[in-house]
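Participant: So the sequence shown is numbered by my numbering: it starts at 298 and just counts up by one.
In this text, a Cβ means the ideal position worked out from N, Cα and C, and glycines have one as well.
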Amino acid sequence: MVKAIISPSVLASDFGNLTAECRKMIKGGAEWLHMDVMDGHFVPNITMGAPILSCVHKGIPDIFMDCHMMVAQPEKWVNDIADAGGALYCFHLEATTDPLSLIKAIHDRNMKAGVAISPDTPSTAITNEVGEKADMLLVMTVYPGRGGQKFLDRCVPKVAELRARFPEKDIEVDGGVGPKTIDACADAGSNVIVAGTAIFNAANPETVIQLLKDTVDTAQAKLAIQK
Ligand code: DX5
Ligand code: ZN
298 MVKAIISPSV LASDFGNLTA ECRKMIKGGA EWLHMDVMDG HFVPNITMGA PILSCVHKGI
358 PDIFMDCHMM VAQPEKWVND IADAGGALYC FHLEATTDPL SLIKAIHDRN MKAGVAISPD
418 TPSTAITNEV GEKADMLLVM TVYPGRGGQK FLDRCVPKVA ELRARFPEKD IEVDGGVGPK
478 TIDACADAGS NVIVAGTAIF NAANPETVIQ LLKDTVDTAQ AKLAIQK
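Next up, the structure:
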């Protein structure tokens with residue numbers, strides 16, 4: 298049984314107070330912080346890169362930065378993100394031709410490796426070998442590029458397919474996830490939950506974090522009984 302991990306997406310935070318925003322989320326019960334790195338190539342927007350992550354890491358040395366690399370050449374940034382204190386480097390399968398070498402490079406820098414698939418990429422694009430070598434699989438439930446988009450229900454079956462193939466793997470969902478959409482994600486078997494607007498815009502972020510976590514843990518317990 299995998300455990301619930303909540304990873305608030307800082308894309309919805311006040312970037313001018315990024316370290317304080319991250320601290321607030323950890324205090325509110327978040328295990329990880331989801332750092333959305335966009336390069337203006339893989340996606341049209343530009344957000345932040347290693348220099349900013351490094352500042353956050355200096356302020357909160359034990360933070361777990363779940364780095365979502367929406368970048369065109371993911372091979373290029375492994376060392377910089379590792380030096381900046383990244384704990385998990387999640388690249389897009391669509392952005393590389395050699396995922397296995399990339400996973401190895403990420404592991405060589407002592408980071409966990411994540412493999413993300415965008416809405417139009419089928420779960421079968423993740424081969425058994427890639428899935429086994431990766432530490433986490435990310436099923437995007439919106440098109441990568443910006444926060445606050447509508448959750449795409451049609452991506453949910455991919456979570457269930459991957460959970461069936463990789464029963465013990467961390468499986469993350471990202472995009473439009475919040476109290477209204479968490480049931481579908483949790484029942485399909487995802488355990489790492491990214492939420493930006495649903496957490497940062499809430500009057501009580503800690504209540505939303507707890508709700509997301511409880512929903513995943515309850516669903517996981519149910520799935521364990523069904524086995
Ligand atoms: C979208 C990003 C997401 C986004 C999620 O490209 O990868 O992490 O910030 O934001 P919400 O939860 O608002 O959809
Ligand atoms: Zn993301």
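Could one say the Cβ of Asp377 lies closer than 7 angstroms to chain D's Cβ atoms, at least one of them?
Facilitator: Here chain D cannot be found, since the structure has a single protein chain.
Participant: Give the secondary structure of Ser304 by DSSP, where H, G and I count as helix, E and B as strand, and everything else as coil.
Facilitator: DSSP places Ser304 in strand when its eight states are reduced to three.
Participant: Does the ligand DX5 have even one heavy atom less than 6 angstroms from the beta-carbon of Val489?
Facilitator: Outside the cutoff, so no.
Participant: Could you please give the first and the last residue of the uninterrupted beta strand (DSSP E) stretch that includes Ala422?
Facilitator: Ala422 -> no beta strand (DSSP E), and no H or E assigned at all.
Participant: Leaving aside the five residues before and after Gly337 along the sequence, list all residues of the same chain whose C-beta is less than 6 angstroms from its C-beta, in chain order.
Facilitator: Same-chain partners within the cutoff: Ile343.
Participant: What would DSSP say about Leu449, mapped onto helix, strand or coil?
Facilitator: Here Leu449 sits in coil by DSSP.
Participant: Residues around the ligand ZN, please: the condition is that the C-beta lies closer than 5 angstroms to some non-hydrogen atom of it.
Facilitator: In chain order, the qualifying residues are Asp333, His365 and Asp471.
Participant: Can you name, in chain order, every residue of its own chain whose Cβ lies under 8 angstroms from the Cβ of Lys455, other than the five neighbours on each side?
Facilitator: The residues are Ile414, Pro419, Ser420 and Val436.
Participant: Mind checking Tyr386: buried by the 16 CB within 10 Å criterion, or exposed?
Facilitator: Buried is the call here.
Participant: From Asp333 to Asp311, what distance separates their C-alpha atoms?
Facilitator: Distance between the alpha carbons of Asp333 and Asp311: 14 angstroms.
Participant: Name the one or two DSSP bridge partners that Lys409 has.
Facilitator: For Lys409, which the question treats as bridged, DSSP gives the partners Leu385.
Participant: Enumerate in chain order the residues of its own chain whose CB-to-CB distance from Phe448 is below 6 angstroms, with the five nearest sequence positions on each side excluded.
Facilitator: Excluding residues within five positions, the ones whose Cβ falls inside 6 angstroms are Thr438, Gly473 and Thr478.
Participant: Go through its chain and collect everything with a Cβ distance to Val470's Cβ below 7 angstroms, but skip five positions before and after it.
Facilitator: So the list reads Val436, Thr438, Val456, Cys482, Ser487, Ile490 and Val491, once near-sequence residues are dropped.
Participant: I want to know whether the stretch 316-326 touches the stretch 424-436 - three or more CB-CB distances under 8 angstroms.
Facilitator: No, they do not touch.
Participant: Note down the Cα distance separating Val505 from Ala521, rounded to an integer number of angstroms.
Facilitator: Each residue's Cα considered, the two are about 24 angstroms apart.
Participant: For Pro341, count neighbouring Cβ atoms within 10 angstroms of its own Cβ and tell me buried if that reaches 16, exposed if not.
Facilitator: Burial call: exposed.
Participant: Look up Glu372 in the DSSP assignment and say whether it is helix, strand or coil.
Facilitator: DSSP places Glu372 in helix when its eight states are reduced to three.
Participant: DSSP state of Ala327, grouped into three classes?
Facilitator: It is coil, neither helix nor strand.
Participant: Are Thr316 and Val368 touching if we call contact CB-CB under 7 angstroms?
Facilitator: No, these two residues do not count as a Cβ contact at 7 angstroms.
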